[in-house]
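Numbering-wise (my numbering), the sequence shown opens with residue 235 and increments by one. Glycine included, C-beta positions come from ideal geometry on N, C-alpha and C. Accompanying notes for the structure given below.
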Amino acid sequence: MAIGGNVGTGVNITSDMARGQQKIQSQQKNAKKQAEQKKKQGHDQKAAAKAALIYTCTVCRTQMPDPKTFKQHFESKHPKTPLPPELADVQA
Ligand SMILES: [Zn+2]
235 MAIGGNVGTG VNITSDMARG QQKIQSQQKN AKKQAEQKKK QGHDQKAAAK AALIYTCTVC
295 RTQMPDPKTF KQHFESKHPK TPLPPELADV QA
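Next comes the structure, spelled out in structure tokens:
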């Protein structure tokens with residue numbers, strides 16, 4: 235293998251590099267976009283969780299926004315576990 239062997243393929247190397255550069259740039263762009271989205275979602279979810287997920291399943295610790303969902307969850311996921319007293323008179 236001659237050292238100068240790649241001189242003739244310089245164009246290919248350049249276009250490969252350009253492609254690689256574009257790929258990196260688009261990856262960086264995507265990563266930035268995803269990070270921003272994640273940040274936004276994380277913020278929304280955090281706020282929503284604080285505001286809405288106030289019922290925690292006593293068996294599996296799943297959090298739910300309302301007693302109706304909690305009761306439905308409890309009846310379908312833990313049918314053998316007695317219903318918590320706070321769910322006894324919830325209309326599911
Ligand atoms: Zn559960």
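The set of residues whose C-beta lies within less than 7 Å of a heavy atom of ligand 1 reads, in chain order, C291, V293, C294, T296, H307, F308, K311, H312. Annotation for K311: the continuous alpha helix (DSSP H) segment containing it runs 301–311. The C-alpha of K273 lies about 35 Å from the C-alpha of E309. At the C-beta level, Q306 and A326 come within 8 Å of one another.
Per the DSSP secondary-structure output, M298 pairs in a beta bridge with Y289.
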